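Shown next, in structure tokens, is the structure this report addresses.
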Amino acid sequence: MNDFLKFISLQDSTVRMVVLGVVLLGASTSTVGTFTFLRKKSLIGDAIAHSVLPGICLAFIFIQVKNPLILLLGAFISGWISIFLIDYITRKSRLKADTVIGLVLSVFFGFGILLLTYIQSGGNAAMAGLNNFLFGQAASLVGQDVYLIAGVCLLLVLAVYLLYKEFVIISFDQDYGATLGLPVKLIEVLLSTLTVLAIAVGIQAVGVVLMAAMLITPAAAARYWTNDLRKMILVAASFGALAGILGAYVSYAAPKMPTGPWIIVAISVIAFISILFAPERGVLMKQRMKRLKRGETLRENILKIFFHLGEADGDYSRSRTQNALQERRFIDKAHLKKGLNQLCKQDMLEEDGGAWTLTEAGLDEAMRIARLHRLWEMYLSKYLHMEADHVHEGAESLEHFITPEMELILEKELGFPETDPHDKPIPYKNTING
Amino acid sequence: MIIQAENPVVEVHDLTVSYDRNPVLWNIDFSIPKGKLVGIIGPNGAGKSTLLKSIMGLLDTESGRIKLFDQALDDVRQRVSYVPQRESVDWDFPASVLDVVLMGRYGKRGLFNRVSKEDKEIAMSCLAKVNMEKYYKRQIAQLSGGQQQRVFIARSLAQQAELYLMDEPFAGVDASAESSILALLQEMRAEEKTILVVHHDLQSAFEYFDWVILLNMRLIASGPKDEVFTNELLQETYGGKLTLLDSLSNFIRRKELPIKDPN
């Protein structure tokens, strides 16, 4: 707990540096990653992340010290070569993109591991910590690392700010962008370059194995919360920064623990929460909507029974027992009771000693459902040329989805017909005396 | 039968195009006069979309020459606008209707610059022309097929071009949307704009267009509709694929050979 307070209060200058580093990193990587995600290039992100390893190792072998700038350069070059190769092989061979990505990823990563093993067997004292590049160690970020991260992040965010509309158009409709005369190929290369840079700069804190998740997951989670790209970028950046802070804390409290996996755990939890709980797009919300719709359908079907019974004996204000309702159309008892109770609460029905009567509002609603059903049957038979004995099924399910605007269009298109294909009258308002 | 136009807006000479090394257009040669509503007609796989994309410089051509307003495409981009097929993009993209229509202004703005207030006004007026101004804030994912199509047309109008190339603007739209799109195209024609439309429905084609290009991997005819719409020419266009030509292109694709000497 002491650790936590010390961390959260940011009194320690080392802690401040580390936190600053991961926040900048998480935010800027997620910003660029939003476009990688929208362009459906997530897998390429993973390939780049694995492919920077040989570059780092070669840079180290070459200069024999851990200079962050040189290592970044090595990572950047080998990451760039990997996307060039993926693009080139995909275009020139008949291999599919996913195969090429898998191929390049494993070849580069394998080569990187080979080099790493070679370096470790060499016994150079400076090589200590190079291992961190596999799974990341945020706590190992020191002043010059953070300055470098800050510089690169500034560059990334500035580039996205300045070229926002260009990045949007190559993500949404690249061909159209080309016909406008925009240099889309150049913009594409630039965006790929920024992606490589974002990955390369994050390697020390997050590690090559898991860096792709840092790039893609915040954007994927953010997509659940908004339909506005500008907001989506901000949300993704915040998620990235948040995950970074958590990873940094773990790295600080348990120095032996690699940071990358913890950052990924954090961002995955955020993504999981988004998938479940986001309004509109979230799974739970969708489930809830489905449940509400099922309840509504049940209530509408019950009202329709009242209408049919009333139509049969010419008396819409007569009270009906559960048995009478079930005889007309079977709904199991538990559901029927539930629906009746809800309708009473909505003042559509009135109960009196085990029998129910339509209220005025209830009759209006019951007429509306019957009307939609019969109008839809007319529509099916008129426009889809379906036989009268086939239209009932379709109308039975769709009547619950027709909005008032659609009803209006339906009535106009059909010219307010008086009867349905079964010659039953279509109940319009004020045509029935309740 | 090819009737060449005088002072053509579009001029295509001897165009051959292959897609993934599979030749889809052979020696296409035609010209289009100004201020016409032109239908590009042919069966599935005839290369109609490929022809539009080639004119817009989106595909590498094996051979041939294309001139717009008697100049190269790059010199007249501001005067030409393209409407891709509706299915060519992911409509789940996080953007509003206005965002998409504003893309039509990107070419005028150039790199780094943001869209201006004037751009927004132009975009809104183009939305009004397709009766979509009410929906400017709507997410594009929530649009119906016909509405998506109209948003694409509004985006194209926002370019304020003189020549429009539209790929299947009538595909997947209902009857009322189709007639309102047609009315808009006729209005544009009245303003002396030239419009090339890829269209798959032979029945309505005669009614809609005043100049027709019949295409089936090769050019069958190009000219005023009254002269082109003959039984014989239509038969030739729709009379099945040319099996020999087809198997030859398959052979070329398998062997990965270049179709023509680039020199």
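Line order of the protein sequences matches chains P and B. Last residue of the first sequence: 434 (our numbering), numbering continuous. Last residue of the second sequence: 697 (our numbering), numbering continuous. Glycine included, each C-beta is placed from N, C-alpha and C at the ideal position. Note that the structure is predicted; figures quoted are calculated from it, not measured.
- From the beta-carbon of P/Met285, no residue of chain B is found nearer than 7 Å; the closest lies around 16 Å away.
- Our two residues, P/Ala27 and B/Leu532, have alpha carbons roughly 28 Å apart in a direct line.
- Secondary structure of P/Met367 (DSSP, three-state): helix.
- Shown in chain order are the members of the segment 540–563 of chain B whose Cβ falls below 9 Å from a Cβ of chain P: Tyr540, Gly541, Lys542, Arg543, Gly544, Leu545, Phe546, Asn547, Arg548 and Val549.
- In this structure the segment 603–620 of chain B touches the segment 574–589 of chain B; the number of beta carbon pairs closer than 8 Å is three or more.
- Not a single C-beta of chain B is nearer than 9 Å to the C-beta of P/Ile89.
- Under the Cβ criterion of 9 Å, P/Glu405 is not counted among the residues facing chain B.
- With respect to the C-alpha of B/Asp508, the residue from B/Thr495, B/Glu496 and B/Gly491 having the closest C-alpha is B/Gly491.
- Between P/Asp347 and P/Ser319 a beta carbon distance of about 16 Å is seen, past the 8 Å cut, so the two are scored as non-contacting.
- P/Leu358 is not a Cβ neighbour of P/Leu372, given a cutoff of 9 Å.
- For B/Glu555, the uninterrupted alpha helix (DSSP H) segment begins and ends at Lys551 to Lys563.
- Counting C-beta pairs with one atom in each stretch, the segment 564–576 of chain B and the segment 482–496 of chain B have fewer than three that are closer than 8 Å, which means they do not touch.
- P/Ala178 has a beta carbon lying within less than 9 Å of a beta carbon in chain B.
- Using beta-carbon distances, P/Ile216 does not count as an interface residue toward chain B, since no partner is under 9 Å.
- Rounded to whole angstroms, the Cβ separation of B/Leu449 and B/Ser488 is 6 Å, and the two are in contact under 8 Å.
- Taking CB atoms only, P/Glu166 has a neighbour in chain B less than 9 Å away.
- No Cβ of chain P is located within less than 9 Å of the beta carbon of B/Gln669.
- Going by DSSP, B/Ile647 is part of the beta strand (DSSP E) stretching over Trp645 to Asn650.
- Not a single C-beta of chain B is nearer than 9 Å to the C-beta of P/Asn132.
- Secondary structure at P/Ile61: helix, using DSSP grouped into helix, strand and coil.
- The segment 197–213 of chain P makes contact with the segment 50–63 of chain P, as at least three CB pairs between them are under 8 Å.
- Residue contact check for P/Phe401 against chain B: no CB pair falls below 9 Å.
- Burial is judged here by how many other beta carbons sit within 10 angstroms of a residue's own beta carbon; P/Ile273 has fewer than 16 and is exposed.
- Using beta-carbon distances, P/Pro427 does not count as an interface residue toward chain B, since no partner is under 9 Å.
- Between P/Val160 and P/Ile44, the C-beta gap is not smaller than 9 Å, which leaves the two residues out of contact.
- Neighbours of P/Ile275 in chain B, taken as residues at a C-beta separation under 7 Å, are lacking, since the least C-beta distance is about 15 Å.
- The beta carbon of B/Arg589 sits closer than 7 Å to the beta carbons of Val534, Val535, Met537 and Gly538 from its chain, once the five residues preceding and following it are set aside; these are given in chain order.
- Sixteen is the threshold: when 16 or more other Cβ atoms of the shown chains lie within 10 Å of the Cβ of B/Pro603, as they do, the residue is buried.
- Setting aside the 5 residues that flank it on each side, B/Ile615 is surrounded in the same chain by Val564, Gln583, Arg584, Ile587, Pro603, Phe604 and Val607, each with a C-beta closer than 8 Å to its C-beta; the list follows chain order.
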